[in-house]
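Numbering (this note's numbering), first residue to last: 2 to 279. In this text, a Cβ means the ideal position worked out from N, Cα and C, and glycines have one as well. Have a look at the structure below before the remarks.
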Amino acid sequence: MTGNTQEGADARQPLPFMERTPLIAGNWKMNLDHLQAIALVQKLAWGLSDVRHDFSAAEVAVFPPFTDLRSVQTLLAADKLSLTLGAQDVSPHEAGAYTGDISAAMLAKLDVSYVLVGHSERRQGHGESDETVGLKARAAHASGMVPMICVGETAADLEEHGAAAIPVAQLTTALAQLPEDAEFVVAYEPVWAIGSGQAATPEQAEDVARALREHLRDLRGDDRAARTRILYGGSVASQNIAGFMRQPNVDGALVGGASLKVDEFTRIIQFQKHVTAG
Ligand code: PGA
2 MTGNTQEGAD
12 ARQPLPFMER
22 TPLIAGNWKM
32 NLDHLQAIAL
42 VQKLAWGLSD
52 VRHDFSAAEV
62 AVFPPFTDLR
72 SVQTLLAADK
82 LSLTLGAQDV
92 SPHEAGAYTG
102 DISAAMLAKL
112 DVSYVLVGHS
122 ERRQGHGESD
132 ETVGLKARAA
142 HASGMVPMIC
152 VGETAADLEE
162 HGAAAIPVAQ
172 LTTALAQLPE
182 DAEFVVAYEP
192 VWAIGSGQAA
202 TPEQAEDVAR
212 ALREHLRDLR
222 GDDRAARTRI
232 LYGGSVASQN
242 IAGFMRQPNV
252 DGALVGGASL
262 KVDEFTRIIQ
272 FQKHVTAG
């Protein structure tokens, strides 16, 4: 974060206090077929009922591949499980000649609540621009779902611009496509931390989360800035979750690899235990 941003932020009145329900989201990426998905969700639900997880204290969401969504939706509904369903991507288009794409309306029909947009693996592997990310967020919102807008700097960006500049710019361009009143979640995921086993420090995550929230005040006003959940993602594990959750501007985690291991993901979801213990 630049000195200027920080000085500007400090000169302002603090944001009004707003209780933000923590969100722990599991991004399965391209893993697990629909049978494996059912097995994982069942184990996760048993694990959480064992520990009597308080879902009003922390929301838990899973983001399976498209082909698993119907099976997971059916399981969540049949067993009345308090897990929220997310999708990993969405087409910016409504319908039509877009072979291989999945529309927001199709996802909404499957009771999908959240849609990841702009994950760095989509930006890098599929050439998605900040504007495309914004259009996808808009499509998700238009179908009644909440976009989870992923932003983050590469190692080279970090060296050249510091940590916050690129995520702030990515968020600004994406939000330009989203109606003023739209709800969204921000996932700050430094690209160098994803799947590397080298997470950011809690202080690094907090610095960028705070810069993003301050910027949201300019873009959307104090109320939306105070309400919006900002997650950290990138090599989150049960060993480091407490440090992130202690930060005032970090409201949860987007968990990749560790969300595929039920015991580990359950320990991450139980972060309150470690937060109060630590
Ligand atoms: P990771 O992935 O937890 O495996 O680093 C995070 C993500 O890509 O969302």
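Kindly provide the ranges of any alpha helix (DSSP H) runs that are 4 or more residues long and lie completely inside the segment 223-258, ordered along the chain.
-> Counting only runs of 4 or more, we get 223-228, 242-246.
Per DSSP, what kind of secondary structure is methionine 107 in: helix, strand or coil?
-> Helix.
Please classify proline 168: does DSSP put it in a helix, a strand, or coil?
-> Helix.
Per-residue DSSP class, three states only, for valine 147 = If DSSP states are grouped into helix, strand and coil, valine 147 belongs with the strands.
Decide yes or no for the touch test of the segment 223-233 against the segment 14-24: beta carbon pairs closer than 8 Å, at least 3 of them.
-> Judged by pairs of C-beta atoms under 8 Å, the segment 223-233 touches the segment 14-24, as three or more such pairs exist.
Starting from the C-beta of arginine 71, find all residues in its chain whose C-beta is less than 8 Å away, skip the five residues before and the five after it, and write them out in chain order.
-> The beta carbon of arginine 71 sits closer than 8 Å to those of His35, Leu111, all from its chain and outside the five residues before and after it, given in chain order.
So is methionine 146 buried or exposed if we call it buried at 16+ other beta carbons inside 10 Å?
-> Counting the other CB atoms within 10 Å of its CB gives methionine 146 a total of 16 or more, which places it among the buried residues.
Collapsed DSSP secondary structure at glycine 87 in the structure displayed = The answer is strand: DSSP assigns glycine 87 an E or B state.
Please work out which residues of its chain come closer than 8 Å, Cβ to Cβ, to leucine 179, disregarding the five sequence neighbours upstream and downstream, and give them in chain order.
-> Result list for leucine 179: Gly135, Ala138, Arg139, His142, Pro148, Phe185, in chain order.
Could you have a look at glycine 4 and say whether DSSP puts it in helix, strand or coil?
-> Because glycine 4 sits at a pLDDT of 41, beneath the cut-off of 50, its placement in the model cannot be relied upon, and the following sentence gives the value as read from the coordinates. In the three-state reduction of the DSSP assignment, glycine 4 falls in the helix class, which pools H, G and I.
Is it the case that the Cβ atoms of valine 116 and valine 152 are separated by a distance below 7 Å?
-> No, they are not a contact pair.
Would you call the segment 48-57 and the segment 254-274 touching, i.e. three or more CB-CB distances under 8 Å?
-> Short answer: they touch.
beta-carbon leucine 255 near ligand 1 non-hydrogen atom, thresh 6 Å | Distances between the C-beta of leucine 255 and the heavy atoms of ligand 1 include at least one below 6 Å.
In whole angstroms, what separates the C-alpha of alanine 183 from that of serine 239?
-> Looking at the two C-alpha atoms, the distance is approximately 32 Å.
Whose C-alpha, out of Gly196, Leu213, Ala206, is nearest the C-alpha of tryptophan 29?
-> Looking at the Cα atoms, Gly196 is the closest of the given residues.
Sorted by chain position, which residues of the same chain lie with C-beta nearer than 7 Å to serine 121's C-beta, five sequence neighbours on each side aside?
-> Taken in chain order, the residues that qualify are Cys151, Gly153, Glu190, Val192, Ile195.
Is leucine 86 closer than 7 Å to glutamine 74 when the C-beta atoms are compared?
-> Against a cut-off of 7 Å, the Cβ pair of leucine 86 and glutamine 74 comes out as a contact.
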